[in-house]
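Some notes on the structure that comes next.
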DNA sequence: AACATCAAGAATATCGACAAAGGATGACAT
DNA sequence: ATGTCATCCTTTGTCGATATTCTTGATGTT
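Chains as they are written, first to last, in my numbering: chain A, 1 to 228; chain B, 1 to 228.
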């Protein structure tokens with residue numbers, strides 16, 4: 001049997017830390033004690049520093065010389081700018097995708113849209129959220145991939161990583177009602193329709209609006225939790 | 001007197017390494033021997049790994065597990081995609097800047113455009129290139145900053161960092177003739193003109209074209225040097 | 001004779017532990 | 001109550017052991 005390509009501990013530590021920061025296990029602004037991390041992940045200091053350095057480059061962690069590492073703070077200002085930037089980038093990518101996408105691209109959009117729309121058999125709420133979120137991501141990724149530019153997709157991904165902390169806040173606080181789900185469903189259907197009609201300008205505007213809808217809700221959640 | 005905030009060795013190593021990679025001191029694809037780096041920068045392994053991790057996150061260095069680090073390879077495919085992505089992003093940012101920029105923004109554009117246009121008193125060729133390049137960057141940064149979005153500007157910066165290796169190739173190979181300089185000057189003047197007239201669509205198109213002009217030249221240089 | 005395969009040795013990356021330097025917190029004195 | 005000092009904790013840099021990988025040379029096969 002072929003061994004998994006045994007990635008080194010630094011990479012693993014990076015993924016675990018990133019996951020825990022995004023899921024809110026470590027609070028924004030919290031100090032990341034080496035001793036705590038060491039016992040939590042059962043690792044040496046070397047791999048941890050390596051992982052933290054990468055997260056600093058991604059702006060998920062901030063480093064202060066001689067004073068260690070802290071989780072990057074969250075703020076309403078960052079929320080607003082981040083979502084705005086992401087909406088603009090997604091709009092740009094969509095415009096290019098409509099310009100450049102081929103038949104396989106269209107087929108992929110229809111396929112992922114279909115599986116996303118089929119999320120109705122609600123079991124537990126948690127499981128619903130997980131499934132819905134996964135398929136939602138796949139749907140949007142399918143749309144974006146039509147732009148056919150690795151670097152633009154990479155930019156998109158990096159913004160998405162930064163957004164995920166805020167999105168997570170939203171997903172955890174929001175119970176997706178049947179009504180809300182239906183509203184999203186129709187938004188997505190309209191989006192698919194406009195995209196397949198290759199109406200770039202209108203599609204980009206719809207995408208931007210679609211992506212900005214969570215902002216007021218997240219703002220409210222943050223103010224309630226005093227993260228302001 | 002205030003002390004310089006004595007940054008740790010990892011940060012310093014990061015800057016030195018980045019500079020040497022961008023300037024081509026380390027060839028694309030070249031293996032980065034720890035022993036070589038150790039003696040070159042007179043540092044231990046810890047800080048070096050820290051710096052390399054950050055460069056991996058920026059995609060300027062690639063890490064292969066258990067097989068060390070290599071300088072990220074350069075290719076014609078990456079050149080094309082990178083410049084395309086950058087041109088699209090700059091176009092987007094410019095459109096937003098025209099929408100959102102205020103009087104101070106306009107003033108800053110005029111100021112930096114003026115200092116850039118004044119680069120005529122040619123001394124040594126190297127010095128000319130340095131001065132021109134610095135002012136050129138300042139000019140474009142002034143334009144972009146009008147979008148008023150830290151995250152978009154950060155995306156722009158990260159793409160620029162990746163582009164710099166290719167740009168450096170261009171700047172080193174190209175002797176800026178008086179004719180070429182004059183051509184650039186008129187392009188910039190036209191750009192400023194359209195921006196101040198707030199013609200977003202036309203300005204974005206001009207900016208994209210302006211940024212794509214070096215691509216054929218760089219392509220030729222790379223083919224000649226066999227980096228293809 | 002040339003090429004592929006394999007094995008042994010050397011080099012290198014990777015990890016954990018140890019020592020030094022710099023801040024932060026708390027107590028004590030004024 | 002405030003300023004100063006001492007102690008503790010944390011970060012930071014280097015060193016040494018271990019496991020993995022690359023290279024080189026020899027052997028067998030075509």
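Ideal Cβ placement from N, Cα and C applies to all residues, glycine included.
Neighbouring residues, chain B, relative to residue i (Cβ below 8 Å)
i                      : result
residue 145 of chain A : Those do not exist, as residue 145 of chain A stays about 14 Å from chain B at its closest Cβ, beyond 8 Å.
residue 60 of chain A  : Ordered by position in chain B, no residue passes the 8 Å Cβ test against residue 60 of chain A, which lies about 10 Å from the chain.
For residue i, the first and last residue of its enclosing alpha helix (DSSP H)
i                      : result
residue 215 of chain A : 214-225
residue 70 of chain B  : Here residue 70 of chain B belongs to no alpha helix (DSSP H); instead the beta strand (DSSP E) covers 69-71.
residue 91 of chain A  : 76-100
residue 23 of chain A  : First-last for residue 23 of chain A: undefined, no H or E at that position.
residue 50 of chain B  : 45-57
residue 153 of chain A : 150-173
residue 130 of chain B : 125-144
Chain B residues whose Cβ lies nearer than 9 Å to that of residue i
i                      : result
residue 54 of chain A  : 53, 54, 56 and 57
residue 152 of chain A : 81, 84, 85, 88 and 89
residue 75 of chain A  : Neighbours of residue 75 of chain A on chain B: none; closest Cβ ~11 Å, over 9 Å.
residue 155 of chain A : 85, 89, 155, 158 and 159
residue 92 of chain A  : 88, 89, 91 and 92
N-terminal and C-terminal residue of the beta strand (DSSP E) that residue i is part of
i                     : result
residue 61 of chain B : 61-63
Spatial neighbours of residue i in its chain, beta-carbon cut-off 7 Å, leaving aside the 5 residues before and after
i                      : result
residue 198 of chain A : 98
residue 18 of chain A  : 55 and 60
residue 85 of chain A  : 159
residue 174 of chain A : 217
residue 185 of chain B : 117
residue 225 of chain B : none
residue 71 of chain A  : 21, 26, 27, 28, 29, 30, 32 and 61
residue 41 of chain A  : 13 and 16
residue 101 of chain B : 146
Backbone secondary structure at residue i - three-state DSSP
i                      : result
residue 118 of chain A : coil
residue 191 of chain B : helix
residue 33 of chain A  : coil
residue 198 of chain A : coil
residue 177 of chain A : coil
residue 42 of chain B  : coil
residue 12 of chain B  : helix
residue 2 of chain A   : Confidence at residue 2 of chain A is low in this model, with a pLDDT of 36, below 50, so the placement of that residue should be treated as unreliable; the coordinate-derived value is given next. Reduced to three states, the DSSP call for residue 2 of chain A is coil.
residue 203 of chain B : helix
Amino acids of chain A, ordered along the chain, whose beta-carbon sits closer than 7 Å to that of residue i
i                      : result
residue 149 of chain B : 81, 84 and 85
Cβ-based neighbour list, residue i, same chain, cut-off 8 Å, excluding 5 preceding and 5 following
i                      : result
residue 50 of chain A  : 10, 13 and 14
residue 52 of chain B  : 17, 32, 61, 63 and 69
residue 153 of chain A : 93, 144, 145 and 147
residue 119 of chain B : 128, 131, 132, 135 and 181
residue 138 of chain A : 112, 115 and 116
residue 170 of chain B : 214, 217, 218 and 221
residue 88 of chain A  : 208
residue 194 of chain B : 202, 203 and 206
residue 23 of chain A  : 168
residue 47 of chain A  : 8, 9, 10, 12 and 13
6 Å CB neighbourhood of residue i in its chain, flanking five on each side removed
i                     : result
residue 74 of chain B : 28 and 227
residue 5 of chain B  : Below a pLDDT of 50, predicted positions are generally treated as unreliable, and residue 5 of chain B, at 43, falls in that range; no measurement from the model is reported.
residue 3 of chain A  : Caution is warranted here: a pLDDT of 36 is assigned to residue 3 of chain A, below 50, making its placement in the model unreliable, and no coordinate value can be reported.
Within chain A, partners of residue i - CB distance below 8 Å
i                     : result
residue 96 of chain B : 88
When Cβ atoms are compared, which residues of the stretch 37-52 of chain B fall closer than 8 Å to chain A? 46, 49, 50 and 51
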